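Here's the structure we're looking at; comments come further down.
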Amino acid sequence: MRERNPWYRTAFSMATLALAMQAAGQVFTLLRAGQDSVAQALVVPIGAAALVYFVINTALVAAAIAFSTSQTFSRVWRESFLWSAPSYFMGAGCAALVDLVLEGQTDPLWIVLIVVPAVLTHRSYRLFIERIEKEQTEVRRASAVQFATIEALALAIEARDCTSPMQVRKMQAYAVGLARAVGMPEDEILGLQTATLLHDIGNLAVPEHIFSKPGPLTFEEFQKVKTHPLVGAEILKDVPFPYPVGSLIAAHHEHWDGKGYPQGLKGEQIPLGARILAVVDSYAAMTSHRPHRPARPYHEALATLRQTAGSILDPRLVEIFINALPMLDFQFANARAPRTAAPGLEVADATTGRAAASAFEDIAGAHQEARALYQIAQALGSSLGIGESMGLIADSLKELVPFSCSALFLANEETGRFECRWAVGLHQQAVRQVSVESVGEIERLQPDEEPGGTPAFQSSLAVRLVFNEAVIGVLAVFHGDPDAYSPDHRRIFQRVAEHASLVIRNSVVFERTQQDSYTDQLTQLPNRRYMLLYLTQQMARAQQHQSKLAVVLLDLNDFKEINDTLGHQAGDRALHEVATVLRSMVRSYDLCVRYGGDEFVVILWECDAEQAEQRLRQMEGAVAAMFFEGGPGQSLRLSLSAGVAVFPEDGETYDELLAMADCRMYKHKAGQKALASGQCRVATPQQ
């Protein structure tokens, strides 16, 4: 079925025809006036009129074609219209002969003789017009296919970086709007549209892990990133664009002050299109969501544009862009079919659009999956606890597998049960209290709910974490919607779990090692190293809340005598039993520490000097009430010497508090020396 011409093309053709006929008529009337002979009165005016009609008609049509196809006028006119000139003059001759017959100046039989040439002329003209229209249609279709192919590939590349087609088209709309605001010619605007679409095609040469890196890049990594403008220009150098594209891509990271890359161009040396692209790209990057950061608010993005104007960006373009931005956003939001760099492309139907969007989502999803697995693998080389590792895994996972709650259950080697060690999201506190025997119980997990209420979790995935063929735990996600997880979600989740197994195993070992380094192996109390960290944190907390903190230093009296008389094993048991008693005497938010040798430290939160003395008397009484069995037939009673220091009046540093407590402890020990000596003598059961 033949395509119907657009209304504007029909209007242009009619206007061209009217203008050519009017000009030809004026020439004919002017040359015929006052002429008597046939040659002078008809032949010359008709020939001149035909020439004028031919020139005006073909020139206007050739100019329109040259503009729409980005070809030169001379080439279009020479190849498509010059050869048709004889038909115009033949038609003019036929018209002159008809005029002579009508005026009775020649035999009417001549009309019969001119019918065949006239028909042939008309037919050749129609064939010519049809051929021209067919050629132009094929050119438009070929151009549309070319640009559609480029657009599809470019959008696929952008999807790798989680940039949606809508974001790319919005960048194009911004670039076109800014270009028109500064008076850029339309043919250069087409080049800018295409450059906006392809500006990051050089990122294909940058390793994926560099874009996936959550932290700052190293010098070497940034040097690799800086190659992408030239790589992009090199990729496109053999594409015969009818307008500049490669030069804009190569220069879109140049800075106004000359400190950009790759060539260090400065100011007006940077092509206008590249400067426009730099402004648009900066704004779009700041206001778009990325896997490693959220989108920045509108006002922050504009503030950053103004800060970089004159150093990185063209200051004039920045102000024009900021002033035009509300209108550009309005126009884009209300556009029925955003224009792309493919002139002549028709808007696809809804089904095709949805399929294309799904394809780009699949591409973005594949790269997000690779990025998530890379970030999890990075954790293998880090010393992270379970909470830190799971935070990283959950952040990587949420872009791929949605969840209302995520949890880690670790196998308890003693009980054989899976106990929740970490949870985040909806009902996390309730989930952290869970201990189950099987993966199935985890998948059916529901937090406490009101009778008859809707279950909090209606979808779940749970995958075993396996290390050296042993199940070390279970990774689970839960969702409040039914049927929230597809087979692809399960596949991705299983793959994440495979990579997470080693990370979690390393975190468990790390925490155990760290706990061992902070724990006294004899008494299983925290050691001096841990106390230093804890006391520093608690002093800062007390200062912030204007609270008091008591440090109690305790010394087991006559410990050397126990070792010398009953042996070191008995001394170790004495320390262990004293530690057990002291641990039972402190509150859950206090801390009991083996400070070293026969000394212990108890840190009491929100406790003044009077309260600390009361707590100290209780601890001394509990230890004095012990009946320690030093060996067969041997027993003794134990006692403590102690000193108390209170933050902040007795000291504002770790060393000051311990020094004051130590001083008071030795005063207490001196006063108790005789009594402590009697309590520590070896006694028999009869005694």
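Per the numbering used here, residue 466 is the first one in the sequence shown, and the count goes up by one each step.
Beta carbons are placed, not taken as given, at the ideal position from N, Cα and C, and that holds for glycine.
As the structure is a prediction and not an experimental result, all values here were calculated from the model.
Classification of residue i by the beta-carbon crowding that lies within 10 angstroms, buried from 16 upward
i, result
"D981", "exposed"
"M1125", "buried"
"P650", "exposed"
"Q637", "buried"
"D779", "buried"
"K1132", "exposed"
"D1029", "exposed"
"R781", "exposed"
"Y748", "buried"
"H1033", "exposed"
"W472", "exposed"
"M479", "exposed"
"M1084", "buried"
"H1010", "exposed"
"R977", "exposed"
"L926", "buried"
"N1022", "buried"
"L682", "exposed"
"L1122", "buried"
Opening and closing residue of the beta strand (DSSP E) in which residue i lies
i, result
"A888", "883–890"
"Q728", "Element bounds for Q728: n/a, residue is neither H nor E."
"D860", "Looking at the DSSP string, D860 is not in any beta strand (DSSP E); the run it does join, the alpha helix (DSSP H), is 851–862."
"S924", "924–932"
"G444", "What is shown of the chain runs 466 to 1152, which leaves residue 444 out entirely."
"G648", "Per DSSP, G648 belongs to no beta strand (DSSP E) and is neither H nor E."
Close-in-space but distant-in-sequence residues of the same chain around residue i (CB under 7 Å, 5 per side omitted)
i, result
"T475", "none"
"H1041", "L987, T988"
"A660", "V710, L713, I714, G738, L742"
"P736", "S712, L713, A716"
"R740", "D779, L782"
"A1135", "none"
"L1081", "V1017, A1107, V1109"
"T769", "M751"
"G729", "G723"
Whole-number beta carbon distance between residue j and residue i, since they are thought to touch under 8 Å
i, j, result
"I700", "G738", "Not a contact, Cβ separation roughly 18 Å."
"L891", "C870", "5 Å"
"L1018", "Y1119", "13 Å between Cβ atoms; not a contact."
"M996", "V1058", "4 Å"
"F932", "L875", "With a Cβ gap of about 11 Å, F932 and L875 do not count as contacting."
"Y950", "S972", "In fact, because the Cβ distance is near 26 Å, the residues do not count as touching under 8 Å."
"E733", "G725", "With 8 Å as the limit, E733 and G725 do not qualify as a contact, their Cβ atoms being about 14 Å apart."
"A529", "F477", "6 Å"
"V939", "V904", "6 Å"
"L793", "G642", "4 Å"
"I785", "V647", "6 Å"
Residue i versus the options, residue with shortest Cα-Cα distance
i, options, result
"F1024", "M792, H693, S1106", "S1106"
"V520", "F532, E1071, S539", "S539"
"Q632", "A760, V509, S549, C1072", "A760"
"M855", "V696, L873, M751", "L873"
"A485", "A498, V509, T523, V1067", "T523"
"S533", "S549, R606, T494, V509", "R606"
"Q898", "V904, C885, E906, K635", "C885"
"V690", "L910, D665, P705", "D665"
"A1039", "E864, L998, H693, D1020", "D1020"
"N1156", "G1062, V901, V745, E686", "No answer is possible for residue 1156: it lies beyond the span of the chain, which begins at 466 and ends at 1152."
"I957", "P947, V1043, K863, R994", "K863"
"A789", "P705, V866, T683, R645", "R645"
Residues near residue i by beta carbon distance below 6 Å, same chain, minus five either side
i, result
"L1103", "V1088, M1091, F1093"
"Y553", "A515, F519"
"L655", "Y708"
"V1046", "A1087, V1088"
"E811", "Legend: pLDDT at E811 = 42, less than 50; position of this residue unreliable, value from coordinates given subsequently. Nothing listed; no residue qualifies."
"S1012", "E1071"
"E963", "none"
"Y639", "V745, L793"
CB contact below 8 Å: residue i versus chain E
i, result
"N522", "The structure shown contains no chain E; it is built from a single protein chain."
Same chain, Cβ closer than 8 Å to residue i, neighbours up to 5 away in sequence not counted
i, result
"K702", "G711"
"L695", "G667, A715, P727"
Residue span of the alpha helix (DSSP H) that contains residue i, given as start and end
i, result
"S869", "Run containing S869: none; DSSP gives neither H nor E here."
"I907", "904–908"
"H717", "Neither: H717 is in no alpha helix (DSSP H) and is coded neither H nor E."
"A749", "737–751"
"L1103", "L1103 -> no alpha helix (DSSP H), and no H or E assigned at all."
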